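Visitor:
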Amino acid sequence: MARGPVDVHVTRGGGDDRTIAIRIGTAAVPPGSAFTWAVLDVAGAVLAWPVLGDPGLPVAEVYDVGRAQQWLWAVYGEGVADAVQACAEGELAEPHIVTADPTALADSAARLGFGHWVARWWPASYADAIPALQPDLLGLELAALTHGCQQLFDGEGDQPDDCVAELIEEHQAALDPLIQWWRGAPQPTSRLTSPLTSQLGSVLRLIGDAADSAGLEGAALRRLRSFLELELEPDPELGSDPELGSESESESERSLSRPGVAPIDPGALFARPDGYALAAGGDPPATGGRVIARGSGTNDWRRYPPGFVDASETAVSWTARALGARRQIEVEVVAHVTAPAAGAPLVAEVRANDGHRNRVPLARRDDVWTGRADLGLGLGPDVSADAVTPPRIEADVLLPGFDPGPAPAPEARTDRADRDAIRALVRRRLATAAAQPGPYDAELPPESPSTPSAPFLAEIAAATTDDDY
79 MARGPVDVHV
89 TRGGGDDRTI
99 AIRIGTAAVP
109 PGSAFTWAVL
119 DVAGAVLAWP
129 VLGDPGLPVA
139 EVYDVGRAQQ
149 WLWAVYGEGV
159 ADAVQACAEG
169 ELAEPHIVTA
179 DPTALADSAA
189 RLGFGHWVAR
199 WWPASYADAI
209 PALQPDLLGL
219 ELAALTHGCQ
229 QLFDGEGDQP
239 DDCVAELIEE
249 HQAALDPLIQ
259 WWRGAPQPTS
269 RLTSPLTSQL
279 GSVLRLIGDA
289 ADSAGLEGAA
299 LRRLRSFLEL
309 ELEPDPELGS
319 DPELGSESES
329 ESERSLSRPG
339 VAPIDPGALF
349 ARPDGYALAA
359 GGDPPATGGR
369 VIARGSGTND
379 WRRYPPGFVD
389 ASETAVSWTA
399 RALGARRQIE
409 VEVVAHVTAP
419 AAGAPLVAEV
429 RANDGHRNRV
439 PLARRDDVWT
449 GRADLGLGLG
459 PDVSADAVTP
469 PRIEADVLLP
479 GFDPGPAPAP
489 EARTDRADRD
499 AIRALVRRRL
509 ATAAAQPGPY
519 DAELPPESPS
529 TPSAPFLAEI
539 AAATTDDDY
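Going left to right, the sequence shown walks through residues 79 to 547 as the working numbering numbers them.
Next comes the structure, spelled out in structure tokens:
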């Protein structure tokens with residue numbers, strides 16, 4: 079889809095702040111929840127895109143103009159790069175507006191930023207029928223995208239998103255299945271190709287080049303290099319033969335599958351082990367006492383790392399019981415399918431009747447995190463617990479040391495709406511990924527699979543899974 083020029087606002091921070099702010103259109107400082115923004119750390123700046131908005135030019139905070147000049151012109155154009163330099167040198171006292179067009183590097187950067195967002199915030203949930211993404215497959219595509227965006231990074235070591243070698247080494251288990259997928263995908267002729275085949279080939283080539291540049295070795299990488307030399311690279315004798323005409327190609331154009339290779343089901347190729355890892359920890363469900371209240375808690379994605387908790391709004395539940403004069407609360411949290419079976423000090427944060435927040439340690443028991451503790455109702459010494467029935471209870475789940483703290487009430491309401499919008503977004507993306515594009519005429523190509531909004535390979539594999547979500 080063609081995108082027109084946009085107004086880019088360049089301004090300098092006030093006082094002693096030497097940061098240069100780049101804003102798109104009328105957008106101010108990025109609003110909304112943390113998980114509604116895709117963020118990328120690059121040389122001398124931080125870039126951000128609204129996940130729920132147009133993946134166009136990013137907003138930016140430039141803190142080192144000298145380092146950022148290596149990519150500013152390639153992302154925003156020379157006019158914006160000049161304006162940033164002039165602003166840094168004090169030549170622009172007022173905000174300066176420059177008209178800019180999206181560039182190829184801007185599109186690649188947006189896709190990379192969104193890929194990191196997917197790795198951190200993808201809301202996998204059995205209850206919401208949103209499948210988890212295969213981490214090794216996503217990690218390899220992120221490595222390929224990072225390698226293609228090397229102009230954004232430098233060697234200063236303060237850009238955690240410049241991690242090509244680490245991604246390849248961590249996720250190379252998916253290399254052989256990725257090659258199998260390419261072998262079973264529709265193969266191109268001189269006139270026809272396939273978006274999926276192009277995407278697979280691009281990822282494999284970039285990974286191979288990145289591994290060579292980083293000096294990486296290993297059996298899977300040696301097989302990749304052999305594949306690139308013998309299969310993926312175009313055959314110069316056939317590719318340049320002027321005698322190949324449309325009549326000799328007609329059969330291959332009708333069926334682009336590689337001869338003798340059955341089409342691959344990526345959902346099966348990258349299938350994760352069925353079910354949850356069994357965990358012996360956790361208290362068995364409480365059965366004694368009188369139930370005095372039940373309810374659902376808050377599932378704030380910001381308060382724990384990815385891969386711990388099912389992302390559904392209904393993942394956190396609690397039950398309060400009366401055991402004689404005592405009151406006890408039991409919390410259950412639906413586990414993410416990849417949640418660690420042990421060694422994760424996840425806790426529930428419980429507050430009754432607007433009193434103190436108390437933490438209840440949780441342990442894995444099959445597909446749930448569970449924990450229970452005595453419940454303090456925050457009542458005075460002269461007030462009977464039976465006088466407040468049912469108690470007003472708030473429950474949340476968090477990982478100590480990772481948790482940024484609970485959101486204030488107005489922000490919490492916005493977060494809930496944003497989480498619903500994120501779920502709607504990923505369902506649309508999965509529907510797009512499930513609609514496998516067919517071959518197309520090379521003279522009239524559709525939107526490139528490398529555009530910011532195109533599905534990732536991990537989304538395509540997840541959309542074709544047979545798991546019961």
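Note that beta-carbon positions come from the ideal geometry of N, C-alpha and C, so glycine has one too. As the structure is a prediction and not an experimental result, all values here were calculated from the model.
#1: Determine the closest residue to VAL88 out of TRP115, GLY155, THR114, with distance taken between C-alpha atoms.
#2: Taking the straight line between their C-alpha atoms, what separation do you get for ARG405 and ALA398?
#3: Is the Cβ-Cβ distance between ALA221 and LEU245 less than 8 Å?
#4: Could you spell out where the beta strand (DSSP E) holding ALA430 opens and where it closes?
#5: Within 10 angstroms of the Cβ of LEU401, are there 16 or more other Cβ atoms? Answer buried if so, exposed if not.
#6: Starting from the C-beta of THR177, find all residues in its chain whose C-beta is less than 8 Å away, skip the five residues before and the five after it, and write them out in chain order.
#7: Can you tell me which of VAL281, ALA202, GLY193, ALA485 puts its alpha carbon nearest to the alpha carbon of ALA413?
#8: With a 10 Å radius around its C-beta and 16 neighbouring C-beta atoms as the bar for buried, classify PHE480 as buried or exposed.
#9: Determine the direct distance from the alpha carbon of SER186 to that of LEU256, and round the result to whole angstroms.
#10: What beta strand (DSSP E) runs, 3 residues minimum, are completely inside the stretch 126-167?
#11: Measure the Cβ-Cβ separation of PRO133 and PRO533 and say whether it is below 8 Å.
#12: Taking the beta carbon of GLU410 as the centre, do at least 16 other beta carbons fall within 10 Å, making it buried, or is it exposed?
#13: Kindly indicate which residue of ALA112, PRO180, TRP151 has the alpha-carbon position closest to the one of ILE102.
#14: Can ALA252 and LEU299 be called in contact, C-beta distance under 8 Å?
#15: To the nearest whole angstrom, what separates the beta carbons of GLN212 and ALA539, a pair I think is in contact under 8 Å?
#16: When every heavy atom of the ligand ZN is checked, does at least one fall within less than 7 Å of the C-beta of HIS414?
#17: Please look up how many angstroms separate the CB atoms of GLN237 and VAL120, rounded, as I've assumed it's under 8 Å.
#18: Which partner residues does HIS33 have in the DSSP bridge list?
#19: On the DSSP letters alone, give me the boundaries of the alpha helix (DSSP H) that ASP496 sits inside.
#20: Between which two residues does the beta strand (DSSP E) harbouring GLU410 extend?
#21: Helix, strand or coil: how does DSSP classify PRO213 here?
#22: Nearest-angstrom Cα distance between PRO478 and ASP498?
#23: Out of curiosity, what's the CA-to-CA distance linking ALA197 and ASP160?
#24: Assess contact between the stretch 380-397 and the stretch 413-422, defined as three or more Cβ pairs (one per stretch) separated by less than 8 Å. Is contact present?
#25: Measure the CB-CB distance between GLN148 and ASP239 and report whether it falls below 8 Å.
#26: Quick one: what does DSSP say GLY262 is sitting in, helix, strand or coil?
#27: Does the distance from the CB of ILE100 to the CB of VAL140 come in under 8 Å?
#28: Distance check for ALA164 and ALA495, CA to CA, integer angstroms please.
#29: Which stretch, first to last residue, makes up the alpha helix (DSSP H) that contains SER280?
#30: Looking only at its chain, what residues have a beta carbon closer than 6 Å to the beta carbon of ALA541, apart from the 5 residues adjacent to it on each side?
#31: Please identify the residue among GLY433, ALA451, HIS434, GLY483 whose C-alpha is closest to the C-alpha of ALA441.
#32: Across which residues does DSSP place GLY449 in a beta bridge pair?
#33: Using C-beta distances below 8 Å, list every residue in its chain close to ALA205, excluding the 5 sequence neighbours before and after it, in chain order.
#34: Residues in its own chain within less than 7 Å of LEU555 by CB, not counting five upstream and five downstream?
#35: On the criterion of 16 or more Cβ atoms from any shown chain inside 10 Å, does SER326 qualify as buried, or is it exposed?
#36: Name the two residues that bound the continuous alpha helix (DSSP H) containing SER34.
Guide: With the structure as the only source:
#1: Residue 88 sits at position 10 when you count from the first residue of the sequence shown. Ranking TRP115, GLY155, THR114 by Cα distance to VAL88 puts GLY155 first.
#2: Within the sequence shown, the letter at position 327 stands for residue 405. Within the sequence shown, the letter at position 320 stands for residue 398. Each residue's alpha carbon lies about 7 Å from the other.
#3: Position 143 of the sequence shown, counted from the start, is the residue given in the question as residue 221. Position 167 of the sequence shown, counted from the start, is the residue given in the question as residue 245. Taking 8 Å as the Cβ cut-off, ALA221 and LEU245 qualify as a contacting pair.
#4: Residue numbering aside, residue 430 sits at position 352 when the sequence shown is read from its first letter. Counting along the chain, the beta strand (DSSP E) containing ALA430 begins and ends at 425-430.
#5: Locating residue 401 in the sequence shown gives position 323, counting from the first residue. Burial call: exposed.
#6: Along the sequence shown, one-based indexing puts residue 177 at 99. PRO83, VAL84, ASP85, VAL86, GLY157.
#7: Indexing the sequence shown from 1 puts residue 413 at position 335. Out of VAL281, ALA202, GLY193, ALA485, ALA202 has the C-alpha closest to the C-alpha of ALA413.
#8: Locating residue 480 in the sequence shown gives position 402, where the first residue counts as 1. Classification for PHE480: exposed.
#9: Looking up residue 256 in the sequence shown gives position 178. Looking up residue 186 in the sequence shown gives position 108. The straight-line gap from Cα to Cα measures roughly 21 Å.
#10: 137-140
#11: As a first step, residue 133 must be located in the sequence shown, where it is residue number 55. As a first step, residue 533 must be located in the sequence shown, where it is residue number 455. Not a contact, by the Cβ cut-off of 8 Å.
#12: Residue 410 sits at position 332 when you count from the first residue of the sequence shown. The residue is buried, with at least 16 neighbouring Cβ atoms inside 10 Å.
#13: Mapped onto the sequence shown, residue 102 falls at position 24. Ranking the options by Cα distance to ILE102, first place goes to PRO180.
#14: As a first step, residue 252 must be located in the sequence shown, where it is residue number 174. As a first step, residue 299 must be located in the sequence shown, where it is residue number 221. Result no, Cβ atoms of ALA252 and LEU299 do not sit closer than 8 Å.
#15: Stepping through the sequence shown from its first residue, residue 212 is reached at position 134. Stepping through the sequence shown from its first residue, residue 539 is reached at position 461. Right, the Cβ-Cβ distance comes to about 6 Å (below 8 Å), so this counts as a contact.
#16: The model on display carries no ligand, and the ligand ZN is accordingly not part of it.
#17: For the purposes of this step, residue 237 is identified with residue 159 of the sequence shown, where counting begins at 1. For the purposes of this step, residue 120 is identified with residue 42 of the sequence shown, where counting begins at 1. Contact check for GLN237 and VAL120: beta-carbon distance about 6 Å, within the 8 Å limit, so the pair qualifies.
#18: In the structure displayed, the chain extends from 79 to 547; residue 33 sits before or after that span and is not available.
#19: In the sequence shown, the residue the question calls residue 496 occupies position 418. Segment 487-512, the alpha helix (DSSP H) holding ASP496.
#20: Your numbering for residue 410 matches position 332 in the sequence shown. Segment 404-412, the beta strand (DSSP E) holding GLU410.
#21: Counting from 1 along the sequence shown, the entry for residue 213 is found at position 135. DSSP places PRO213 in helix when its eight states are reduced to three.
#22: As a first step, residue 478 is located in the sequence shown; it is residue number 400 there, counting from the start. As a first step, residue 498 is located in the sequence shown; it is residue number 420 there, counting from the start. Straight through space, the alpha carbons of ASP498 and PRO478 are spaced by roughly 26 Å.
#23: Looking up residue 197 in the sequence shown gives position 119. Looking up residue 160 in the sequence shown gives position 82. About 34 Å.
#24: When Cβ pairs closer than 8 Å are counted between the two stretches, the stretch 380-397 is seen to touch the stretch 413-422, the count reaching three or more.
#25: Taking the sequence shown and counting its residues from 1, the one referred to as residue 148 is at position 70. Taking the sequence shown and counting its residues from 1, the one referred to as residue 239 is at position 161. Not closer than 8 Å, so no.
#26: Residue 262 sits at position 184 when you count from the first residue of the sequence shown. GLY262: helix per DSSP, three-state reduction.
#27: As a first step, residue 100 must be located in the sequence shown, where it is residue number 22. As a first step, residue 140 must be located in the sequence shown, where it is residue number 62. Yes, they are a contact pair.
#28: Here residue 495 corresponds to residue number 417 of the sequence shown, with the count starting at 1. Here residue 164 corresponds to residue number 86 of the sequence shown, with the count starting at 1. For ALA495 and ALA164, the distance between alpha carbons rounds to 41 Å.
#29: As a position in the sequence shown, residue 280 is number 202, starting the count at 1. 273-292 is the span of the alpha helix (DSSP H), which, as asked, contains SER280.
#30: Along the sequence shown, one-based indexing puts residue 541 at 463. Excluding residues within five positions, the ones whose Cβ falls inside 6 Å are LEU508, ALA511, ALA512.
#31: Locating residue 441 in the sequence shown gives position 363, counting from the first residue. The residue with the shortest Cα to Cα distance from ALA441 is ALA451.
#32: Within the sequence shown, numbered from 1, the residue matching residue 449 stands at position 371. The partner list for GLY449 (beta bridge, DSSP) reads VAL409.
#33: Residue mapping note: residue 205 aligns to position 127 of the sequence shown, counting from 1. Taken in chain order, the residues that qualify are ASP388, SER390, THR392, ALA393, VAL412.
#34: In this structure the chain extends from 79 to 547, so residue 555 is not present and cannot be described.
#35: Indexing the sequence shown from 1 puts residue 326 at position 248. With a pLDDT of 41 at SER326, under the threshold of 50, the modelled position of this residue cannot be trusted; read the value that follows with caution. When all chains shown are included, SER326 counts as exposed.
#36: Any answer about residue 34 is impossible in this case: the structure gives the chain only from 79 up to 547.
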